[in-house]
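Written out below as structure tokens is the structure these notes cover.
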Amino acid sequence: DTAVSQTPKYLVTQMGNDKSIKCEQNLGHDTMYWYKQDSKKFLKIMFSYNNKELIINETVPNRFSPKSPDKAHLNLHINSLELGDSAVYFCASSQEASGGIQETQYFGPGTRLLVL
Amino acid sequence: GQNIDQPTEMTATEGAIVQINCTYQTSGFNGLFWYQQHAGEAPTFLSYNVLDGLEEKGRFSSFLSRSKGYSYLLLKELQMKDSASYLCAVRAGIGGFKTIFGAGTRLFVKA
Chain Z
3 DTAVSQTPKY
13 LVTQMGNDKS
23 IKCEQNLGHD
33 TMYWYKQDSK
43 KFLKIMFSYN
53 NKELIINETV
63 PNRFSPKSPD
73 KAHLNLHINS
83 LELGDSAVYF
93 CASSQEASGG
103 IQETQYFGPG
113 TRLLVL
Chain V
312 GQNIDQPTEM
322 TATEGAIVQI
332 NCTYQTSGFN
342 GLFWYQQHAG
352 EAPTFLSYNV
362 LDGLEEKGRF
372 SSFLSRSKGY
382 SYLLLKELQM
392 KDSASYLCAV
402 RAGIGGFKTI
412 FGAGTRLFVK
422 A
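Right, dumping it as structure tokens:
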């Protein structure tokens, strides 16, 4: 019973292609995230959605477009892939507790994207 | 801006104790997390501090001093399986919170 799942786990594609990564969480959380972890292992937030609404949009090229059809799903579409997009992309989810305290984030297994 | 610093790498011996430090500069602090990440795997939650002091959880403890912008993760009775990266993450912001991760400390546990 995977809490946060992502597909695909591995993605190898050519420069210039368009690809999507899907994420689903069965924890009932309100908030979902996309992170990028590059070769230096820096985990950087890209987007965050709360109840299907975009709340964080970091300085990310507009080739990256998140979509949240419902609060259990957050997909990431990438247009015109570039070599520098090669990284591991992690989806995560969390629930805001009372008093504004953020509960822990649960991460998906990651999608290893390699752009050739 | 927001900044999180932690050592890049540390080495320790099986059975020993190791302390991994984290310093941060943020606006609107709203909590500090420690995550463990094994190579090729997703980060997993270890601890959360929002008030000053020590939180103990089995072999792992985490300390926070908000006035100093400082936290540490203490790992006792080190085991080989503790070899991993340890990520310090701070939730902060004004007018909206987000979680910023440090670059992580790679811990090598040797026999």
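Just so you know, the protein sequences line up as chains Z and V, in that order.
Going by my numbering, the first sequence opens with residue 3, and the numbers climb by one from there.
Going by my numbering, the second sequence opens with residue 312, and the numbers climb by one from there.
Backbone N, C-alpha and C define an ideal beta-carbon position, used for all residues, glycine too.
query                                                                                                                                  : result
Helix, strand or coil at Leu118 of chain Z [DSSP, three-state]                                                                         : coil
Nearest-angstrom Cα separation, counted from Leu29 of chain Z out to Lys54 of chain Z                                                  : 15 Å
Where Pro63 of chain Z meets chain V, residues with beta-carbon distance less than 9 Å                                                 : None at all; the shortest Cβ gap to chain V is about 19 Å.
Whole-angstrom distance between Phe412 of chain V and Phe44 of chain Z, CA atom to CA atom                                             : 8 Å
Burial state of His349 of chain V (16 or more Cβ within 10 Å)                                                                          : exposed
Which residues DSSP lists as bridging Leu56 of chain Z, in chain order                                                                 : Z:Tyr51
Meets three-Cβ-pair contact criterion under 8 Å: the segment 9 to 26 of chain Z and the segment 37 to 52 of chain Z                    : no
Where the beta strand (DSSP E) containing Ala323 of chain V begins and where it ends                                                   : 320 to 324
DSSP beta-bridge partners of Thr33 of chain Z                                                                                          : Z:Asn52, Z:Ser96
Three-state secondary structure assigned by DSSP to Leu85 of chain Z                                                                   : helix
Other residues of its chain near Met321 of chain V: CB distance less than 8 Å, five sequence neighbours each side excluded             : Val329, Ile331, Thr416, Arg417, Leu418, Phe419
Cutoff 6 Å; reference Asp20 of chain Z; Cβ partners in own chain excluding five residues on either side                                : Asn81
CB of Thr128 of chain Z within 8 Å of CB of Ser96 of chain Z, strictly                                                                 : Nothing in the structure corresponds to residue 128 of chain Z, since chain Z is present only between 3 and 118.
Straight-line gap, Lys379 of chain V to Thr113 of chain Z (C-alpha atoms, nearest Å)                                                   : 37 Å
Length of the line joining the Cα atoms of Leu375 of chain V and Leu56 of chain Z                                                      : 31 Å
Within chain Z, the residues that Tyr359 of chain V reaches when beta carbons sit closer than 7 Å                                      : Thr106
Buried versus exposed, by CB contacts within 10 Å (16 or more), Thr429 of chain V                                                      : Coverage of chain V is limited to positions 312 through 422, which leaves residue 429 of chain V absent and any answer about it impossible.
Residues near Asn77 of chain Z by beta carbon distance below 8 Å, same chain, minus five either side                                   : Ser22, Ile23, Lys24, Cys25, Pro68, Lys69, Ser70, Pro71
Beta-carbon contacts of His75 of chain Z that lie in its chain and below 6 Å, excluding the five residues immediately before and after : Glu26
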